[in-house]
Structure formats: C-alpha cells, structure tokens
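Just below is one structure, and these are the notes that go with it.
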Amino acid sequence: MACLPLFALAAALWSPAAPPDSLPPTRPLPEAGRPAVVAKRGMVASAHPLASEVGARILAKGGNVADAAVAVQALLSVVEPESSGPGGGCLILLHDMATDSLYAIDGREESPAWAWPQMFLTELGQPYPDPMTGGRSVGAPGTLAAMNLLHRDFGRLPLAELLAPAIAVAETGFAVPPDMARAIRSEGERLAFSGAAVDLYFHADGTPYREGERFRN
C-alpha cells in the first residue's frame, strides 16, 4: 500500500497533452438537479444519505477528514455492497492544511500473487464462457488496507468509534436502495452460484430483496 505526496504521483503519471485541435468535442454538463451548497468548515458527500450523515457527525464530534472518510466507507460497505464493498479498491487524496501538503493513497486492487496468464482458459485453451463468476475474477482488495493506512497516519478518533455506526446499521437493517435492488435482480444468475449470496440477498421463497425492503447484513 503506497502513500506518497501527490506531486510524486502526478509526475509519474504525466504525459504530454494532445494538441487542442486533436481533442474530441466536449458535451455540455447536465444541469444540476439541486441547488449548490456551500460550507465554511466542512462538508461530506457520499453515495448514500446514511453514510453522509455519519461522516458529518464524526466531524461535529471533533474528528477530522480522515476519520470521516473511514466512517463513511465503512457504512457504504454495508448499504452499497455492489459498488463500495470491502472487497474492492479505492484511491484517496488528502490535503493537510497545516503543511499545505497533498497526499495520495493507492488502494486499488492487485492481481493475486498466484495469478497466471492461462487462469481464465479451459483445459482446451478456450476462454471461460463467464470469467466474471467466481473467485478468480476478484483482485486482492485494497480498500481496507487503504483505510487502515489513512487512519493510522492521519486519523484522530479511535477506530472502534468510527466503525460503530456501520456495525449498528448492519445489525438493525436499512431500506434497500434502488441501485442495490437493481444489482440483485440483474446479477441473480451469478449470485445463484453462491449459497451464501442466495441466503443473504434472496428471501426464503427465492424472490430477491426489493427496493425499500428492510435488509440486514
């Protein structure tokens, strides 16, 4: 897991820009659906209102941006497992106001150490019909390691305090969001390969959890 000043990361990724005439035309940005919000001391934005509320509470009780990020990510892992689960990766940018420094943490997934070029080919050398199903398609996750590094180097509040809201929501349940409901429906055939996934995301009668239903993880 790498943590490095942003200027080093930018230098490593820099390449000469294309001439302006060769760039494709850009489309106008869509109109914002809500009015802009401005804050002087802090703001939290995430993919789920419960996670955003938790992040704001962490800031209000004296936590810093690193603490809020850890708490938000933990809760998103519960309420948005199809997109923000602990089995994936992340990239973190952090601005230290005291030193006016930018830091980047690379928490993206990596190929497992035992991966080999033919791992997605059958014994006859043909590609698997569905290489996305199964453990071989999963990279070694980096999100948890990145959050641990973020908290270790920049956090202020105890880790247990930051994880408590996510644990509470997982135990008491939450209303299934629209995106999660769609993911369960669309990936039903793949989920069926895992008995644990079926038990978690489907009712006893085989129907998937629907939007708005109470879900406990």
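Take the sequence shown: its letters are residues 10 to 226, numbered as in the numbering used here.
Where a beta carbon is used, it is the ideal one built from N, C-alpha and C, also for glycine.
Rounding to the nearest angstrom, what Cα-Cα distance links residue i and residue j in this structure?
{"i": "Ser-86", "j": "Pro-39", "result": "29 Å"}
{"i": "Ser-203", "j": "Val-88", "result": "20 Å"}
{"i": "Gly-134", "j": "Ser-146", "result": "17 Å"}
{"i": "Glu-180", "j": "Ala-60", "result": "15 Å"}
{"i": "Glu-196", "j": "Pro-58", "result": "25 Å"}
{"i": "Ala-65", "j": "Leu-172", "result": "14 Å"}
{"i": "His-212", "j": "Arg-225", "result": "12 Å"}
{"i": "Val-185", "j": "Arg-223", "result": "6 Å"}
{"i": "Ser-93", "j": "Ala-107", "result": "30 Å"}
{"i": "Pro-37", "j": "Gly-51", "result": "29 Å"}
{"i": "Ala-70", "j": "Glu-170", "result": "Before going further, note that residue 70 is Lys rather than Ala in the sequence given. Whole-angstrom Cα-Cα distance: 11 Å."}
{"i": "Leu-13", "j": "Leu-111", "result": "A caution first: Leu-13 carries a pLDDT of 45, below 50, which makes its placement in the model too unreliable to give a value."}
{"i": "Met-128", "j": "Glu-118", "result": "18 Å"}
{"i": "Leu-84", "j": "Pro-95", "result": "10 Å"}
{"i": "Asp-105", "j": "Arg-43", "result": "30 Å"}
{"i": "Val-46", "j": "Trp-123", "result": "48 Å"}
{"i": "Pro-121", "j": "Thr-152", "result": "15 Å"}
{"i": "Ala-17", "j": "Ala-205", "result": "Caution is warranted here: a pLDDT of 35 is assigned to Ala-17, below 50, making its placement in the model unreliable, and the coordinate value is therefore given only provisionally. Straight-line Cα distance between these residues: approximately 43 Å."}
So, helix, strand or coil for residue i, using DSSP?
{"i": "Glu-62", "result": "helix"}
{"i": "Phe-211", "result": "strand"}
{"i": "Arg-199", "result": "helix"}
{"i": "His-57", "result": "coil"}
{"i": "Arg-223", "result": "strand"}
{"i": "Leu-166", "result": "coil"}
{"i": "Ala-184", "result": "strand"}
{"i": "Ala-206", "result": "helix"}
{"i": "Gln-174", "result": "Contrary to the premise, residue 174 reads as Pro rather than Gln in this sequence. It is helical."}
{"i": "Gly-144", "result": "helix"}
{"i": "Glu-5", "result": "Since the displayed the chain opens at 10 and closes at 226, residue 5 lies outside it and no answer follows."}
{"i": "Asn-157", "result": "helix"}
{"i": "Met-189", "result": "helix"}
Let me check one thing: in DSSP terms, what residues is residue i bridge-paired to?
{"i": "Gly-116", "result": "Cys-99"}
{"i": "Ala-149", "result": "Glu-119"}
{"i": "Ser-110", "result": "Asp-105"}
{"i": "Leu-130", "result": "Pro-136"}
{"i": "Pro-217", "result": "Phe-211"}
Suppose contacts are defined by Cβ-Cβ distances below 7 Å. Is residue i in contact with residue j by that definition?
{"i": "Leu-68", "j": "Ala-54", "result": "no"}
{"i": "Arg-219", "j": "Ala-177", "result": "no"}
{"i": "Pro-150", "j": "Gly-97", "result": "yes"}
{"i": "Arg-194", "j": "Pro-217", "result": "yes"}
{"i": "Gly-144", "j": "Ala-75", "result": "no"}
{"i": "Gly-182", "j": "Ala-155", "result": "no"}
{"i": "Val-63", "j": "Ala-80", "result": "yes"}
Would you grab the beta carbon distance between residue i and residue j for me? Rounded to a whole angstrom, and I think it's under 8 Å.
{"i": "Glu-166", "j": "Ile-101", "result": "Strictly speaking, residue 166 in this sequence is Leu, with Glu absent from that position. Contact doesn't hold; Cβ gap of about 17 Å is too wide."}
{"i": "Asp-208", "j": "Glu-91", "result": "Rounded, the Cβ-Cβ distance is 17 Å, inconsistent with contact."}
{"i": "Leu-227", "j": "Pro-138", "result": "The structure shown has nothing for residue 227, since the chain only spans 10 to 226."}
What I want to know is whether the C-beta of residue i ends up closer than 6 Å to one or more non-hydrogen atoms of the ligand COA.
{"i": "Ile-114", "result": "The ligand COA is not part of this structure, which contains no ligands at all."}
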